[in-house]
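**Student:** Let me give you the structure first, and then I'll get to my questions.
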Amino acid sequence: MIIHMRKIAIATVLLIAVIAASCCTPKQSNTVSAQAAQESISLPIVMYHAVLKSRRGKYTIHPTELERDIIAYKEMGYTPVFLREVADWVNRKGGLPEKPMVITFDDGHYNNLYYALPILQKHNCKVVINIVTSFSRHSTETPGEAENPNFSYLTWNNIRELQKSGLVEIGNHTHAMHKFKPRYGIAQVSNETVDEYKETLRKDLETANNYLTQNAGVPRPVTFAYPFGRYTKEGHEVLKELGFKAILTCNEGITQIRRGDPEALLTLKRYNRSGNVSHESFMKKVFKSD
Ligand SMILES: [Zn+2]
């Protein structure tokens, strides 16, 4: 009887401890228990474009700065992951590290292979590269247009090489809608009906998917990035119909994602890493609370 009573007492103490722990965890974002961390996650996403030594700008960063950023992410305890992995986690098909984040590169610049890949390999860092397939086709098919870090886009073989590294997920950034005219990104134009618009968009996105799977040999993309961040309600519907699971906007902020809630992945926020701001001020802007 005494032994039995002691067991109950121990069980009660343990129960109180568990309740106390679970009550405290939501406020301690960096030290949440494994269980809490796996139900809801703040997902920082950063956006890069070109990586060059010769110039810098809003969409161009020096390789040394890129490496500083990556080292800092890791020092803060973040693990860069693919959006494909994030989607699997949300759909209860896989796990994620304790503090995941996503590093994206838009447009498919050749310098992503030339300057960024060696840095990614050195730090074992995963990224998502969103390709504009008409740009890649141009670099692949036009003599003199390939493999110049200053202006080339990734050819099909370049994309294949990135994919082979195991550190790159390839996303869709449209085939030929990365333009300001006649339409601004994927926006609808005035002389087309909603149905015509949806059909044009669908065809463009499928063209990009086909080039990536058939010419570059990558898995069918699950990630899409809106050119210039421009999105529409109808466009969103088309993307969902085509099976994209992670959709990147250019709205700044951190998206809260939850297991069993795939909708949150369809309007992901991210921060552009301009080459015109210092490493320190960018880190401060994105990771205010860390
Ligand atoms: Zn772009």
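Residue numbering for the sequence shown follows this note's numbering, starting at 742 and increasing by one per position. C-beta: ideal position from N, C-alpha, C; glycine also. Treat the numbers as computed from the prediction; the structure is a model and nothing was measured.
How about P859: is its C-beta nearer than 8 Å to some C-beta of chain B?
**Tutor:** The structure shown contains no chain B; it is built from a single protein chain.
**Student:** Measuring only the C-alpha atoms, how far is I998 from P838?
**Tutor:** 14 Å
**Student:** Would you check if the segment 848-859 and the segment 921-938 touch, i.e. whether three or more CB-CB distances between them fall below 8 Å?
**Tutor:** The segment 921-938, when compared against the segment 848-859, does not touch it at the 8 Å Cβ threshold.
**Student:** Closer than 6 Å is what we want: which residues have a beta carbon that near any heavy atom of ligand 1? List them in chain order.
**Tutor:** D847, D848, H914, H919 and P968
**Student:** Throw me the rounded Cβ distance for the V831 and P962 pair, which I believe falls under 8 Å.
**Tutor:** At roughly 17 Å, the Cβ-Cβ gap does not stay under 8 Å, so V831 and P962 are not in contact.
**Student:** How long is the line joining the alpha carbons of A791 and L903, rounded to whole angstroms?
**Tutor:** If I take the Cα positions, the gap works out to 15 Å.
**Student:** Answer yes if the segment 879-891 comes into contact with the segment 910-925, meaning at least three C-beta pairs across the two stretches below 8 Å, and no otherwise.
**Tutor:** no
**Student:** Is the Cβ-Cβ distance between I995 and K1010 less than 8 Å?
**Tutor:** Yes, the pair counts as a contact, with Cβ atoms nearer than the cut-off.
**Student:** Return the Cβ separation of T896 and S877 in integer angstroms, given the expectation that the two are a contact with Cβ distance under 8 Å.
**Tutor:** 6 Å
**Student:** To which residues of the same chain is G798 closer than 7 Å at the C-beta, ignoring the five residues directly before and after it?
**Tutor:** Its chain contains G1016 and N1017 as the residues whose beta carbon lies nearer than 7 Å to that of G798, once the 5 sequence neighbours on both sides are disregarded; these appear in chain order.
**Student:** Look up T772 in the DSSP assignment and say whether it is helix, strand or coil.
**Tutor:** Since pLDDT at T772 reaches only 42, below the 50 mark, its modelled position is unreliable, and no value is offered.
**Student:** Considering only C-alpha positions, which residue in the set I811, A928 and T915 is nearest to F725?
**Tutor:** Residue 725 falls outside the range modelled here, since the chain spans only 742 to 1031, and no answer is possible.
**Student:** Return helix, strand or coil for P767, following the three-state DSSP convention.
**Tutor:** For P767, the predicted structure reports a pLDDT of 36, less than 50, and the residue's modelled location is therefore unreliable. A value from the coordinates is still provided. The answer is helix: DSSP assigns P767 an H, G or I state.
**Student:** Going by DSSP, what residue range makes up the beta strand (DSSP E) through V787?
**Tutor:** Its beta strand (DSSP E) spans residues I786 to Y789.
**Student:** In terms of residues, what are the limits of the beta strand (DSSP E) holding Q997?
**Tutor:** T996 to R999
**Student:** Given this structure, state the Cα-to-Cα distance separating R943 from A949, to the nearest angstrom.
**Tutor:** Taking the CA atoms as reference points, R943 sits about 10 Å from A949.
**Student:** Smallest Cα separation from I844: which of I870, S795, K863 and G1001?
**Tutor:** I870
**Student:** From what residue to what residue does the alpha helix (DSSP H) around E937 run?
**Tutor:** V935 to N951
**Student:** Just reading off the alpha helix (DSSP H) that P859 is part of, what are its end residues?
**Tutor:** L858 to K863
**Student:** Of the residues Q862, D1031 and V868, which one's Cα is nearest the Cα of V822?
**Tutor:** V868
**Student:** Tell whether a beta-carbon distance below 8 Å holds between G970 and C991.
**Tutor:** Contact: yes.
**Student:** What is the DSSP secondary structure of E910, reduced to helix, strand or coil?
**Tutor:** Three-state DSSP puts E910 in a strand.
**Student:** So the candidates are K1025, L1006, G1001 and G849; which of them puts its Cα closest to the Cα of Y1012?
**Tutor:** K1025
**Student:** To the nearest angstrom, how far is it from the Cα of A777 to the Cα of L953?
**Tutor:** With a pLDDT of only 41 at A777, under the threshold of 50, the placement of this residue in the model should not be trusted; the figure read from the coordinates follows. Whole-angstrom Cα-Cα distance: 37 Å.
**Student:** Using DSSP with H/G/I as helix, E/B as strand and the rest coil, what is A777?
**Tutor:** Low per-residue confidence applies at A777: pLDDT is 41, beneath 50, and the placement is therefore not dependable enough to give any value.
**Student:** Where does the unbroken beta strand (DSSP E) through D847 begin, and where does it stop?
**Tutor:** Note, D847: beta strand (DSSP E), P841 to D848.
**Student:** Could you pull the start and end residues of the alpha helix (DSSP H) that A813 belongs to?
**Tutor:** P804 to E816
**Student:** Alpha carbon to alpha carbon, what distance is there between S781 and F1028?
**Tutor:** 18 Å
**Student:** Note the first and the last residue of the continuous alpha helix (DSSP H) segment covering A966.
**Tutor:** No alpha helix (DSSP H) contains A966, which is instead part of the beta strand (DSSP E) from T964 to A966.
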